[in-house]
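The structure appears right after this line, and notes come after that.
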Amino acid sequence: MNRIIVLLIVIVLLFTSCNNTINYDNSNSVNYIAKIAFEQKDDGWIYYFNIEKSKIDPESDNFYEFNGVNLKHKILPGYGISVIDEETSKVIDVIIPNVMVLVNGEDTQKDILTIGDYFNQHQFNAEIEYSDLESLNTINIDKNDVLELFNKTITKTEIPFGKYYNYPMSMLLQEELFVKLWWH
-15 MNRIIVLLIV IVLLFTSCNN TINYDNSNSV NYIAKIAFEQ KDDGWIYYFN
35 IEKSKIDPES DNFYEFNGVN LKHKILPGYG ISVIDEETSK VIDVIIPNVM
85 VLVNGEDTQK DILTIGDYFN QHQFNAEIEY SDLESLNTIN IDKNDVLELF
135 NKTITKTEIP FGKYYNYPMS MLLQEELFVK LWWH
């Protein structure tokens, strides 16, 4: 009797899971729009600026993110993720990520977080000038790079809805310049 009940449950689970499909054409299922722009640098870094805006509440704050990835080098010194002991607050290990990201860099993390905080606080909705970044203090990231990439992003159209919804980083794989740098 128990085997029959288990078999019926398995059949019901299989039947219901087989009927679940995702409709990628339904753009109403994503509650935000996103814009993203990329800039390839000479040193192998690819900077990106991402802006996301709510569809549900257009008056809410936008989300702004500046960061960068390096697909040219598998490992770069200083770009590991520190594992910190909760009790002692000491670094006990370093995890080497699959992709080097500026926000993980010892020399760039503070700049990346500062840039994100600055844009999320100021909520710029149109192109800006260098003077708009006067109070933004960075050490290792050039404010001109941030300015140019933000202005490039703000004037773009939103990412089209598709297989990966409109998740900004999915555009990373679709940019032609990345195909040349992608390592395996």
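Residues in the sequence shown are numbered consecutively from -15, following this note's numbering. Every residue, glycine too, gets a C-beta built ideally from N, C-alpha and C.
> Would a C-beta distance cut-off of 8 Å place N34 and E49 closer than the cut-off?
Replying inline: Taking the sequence shown and counting its residues from 1, one reaches residue 34 at position 50. Taking the sequence shown and counting its residues from 1, one reaches residue 49 at position 65. It is a contact, given that the beta carbons lie within the stated cut-off.
> Whose CA, out of L131, N121, E111, lies closest to the CA of T139?
Replying inline: As a working mapping, residue 139 is identified with position 155 in the sequence shown. It is E111.
> Which runs of the alpha helix (DSSP H), 4 residues or longer, sit entirely within the region 93 to 150?
Replying inline: As far as the region 93 to 150 is concerned, its whole alpha helix (DSSP H) runs of at least 4 residues are 93 to 106, 127 to 138.
> For the putative contact between V75 and S66, defined by C-beta atoms under 8 Å, what is the C-beta separation to the nearest angstrom?
Replying inline: The residue labelled residue 75 in the question sits at position 91 within the sequence shown. The residue labelled residue 66 in the question sits at position 82 within the sequence shown. Yes, V75 and S66 are in contact; Cβ-Cβ is about 5 Å, under 8 Å.
>> Restricting to Cα atoms, I'd like to know which of Y16, Y32, V83 is closest to N46.
In response: For the purposes of this step, residue 46 is taken as the residue at position 62 of the sequence shown. Put simply, of Y16, Y32, V83 the residue whose alpha carbon is nearest the alpha carbon of N46 is Y16.
>> For K136 and A21, which I take to be in contact (beta-carbon distance under 8 Å), what is that distance rounded to the nearest angstrom?
In response: Counting from 1 along the sequence shown, the entry for residue 136 is found at position 152. Counting from 1 along the sequence shown, the entry for residue 21 is found at position 37. Going by Cβ atoms, the distance from K136 to A21 rounds to 4 Å, so yes, they are a contact pair.
> Roughly how many angstroms lie between the CA atoms of I80 and E90, to the nearest whole one?
Replying inline: Position 96 of the sequence shown, counted from the first residue, corresponds to residue 80. Position 106 of the sequence shown, counted from the first residue, corresponds to residue 90. Their Cα atoms are separated by approximately 13 Å.
> Who are the near neighbours of G28 in its chain, counting only those whose CB is closer than 8 Å to its CB and skipping five residues on each side?
Replying inline: Along the sequence shown, read from residue 1 onward, the residue named residue 28 stands at position 44. Result list for G28: N54, L55, K56, H57, L165, in chain order.
> Candidates Q93, I30, L86, S44: which alpha carbon is nearest N109's?
Replying inline: As a first step, residue 109 is located in the sequence shown; it is residue number 125 there, counting from the start. Nearest C-alpha to N109: S44.
> How many angstroms separate the CA atom of P61 from the CA atom of L117?
Replying inline: Reading the sequence shown from its first residue, position 77 is the one you call residue 61. Reading the sequence shown from its first residue, position 133 is the one you call residue 117. Put simply, the backbone Cα of P61 is about 30 Å away from that of L117.
> Along the chain, where does the beta strand (DSSP E) that runs through K56 open and close?
Replying inline: Residue 56 sits at position 72 when you count from the first residue of the sequence shown. K56 -> no beta strand (DSSP E), and no H or E assigned at all.
>> Please classify Y114 as buried or exposed, where buried requires at least 16 neighbouring CB atoms within 10 angstroms.
In response: Here residue 114 corresponds to residue number 130 of the sequence shown, with the count starting at 1. Residue environment for Y114: exposed (fewer than 16 other C-beta atoms within 10 angstroms of its C-beta).
> Sorted by chain position, which residues of the same chain lie with C-beta nearer than 6 Å to N124's C-beta, five sequence neighbours on each side aside?
Replying inline: By 1-based counting over the sequence shown, the position of residue 124 is 140. Only D91, T92, D95 meet the Cβ criterion.
>> Using a 10 Å radius around the Cβ and a threshold of 16 neighbouring Cβ atoms, would you call L86 buried or exposed?
In response: The sequence position of residue 86 within the sequence shown is 102, counting from 1. Around the beta carbon of L86, 16 or more other beta carbons sit within 10 angstroms, so the residue counts as buried.
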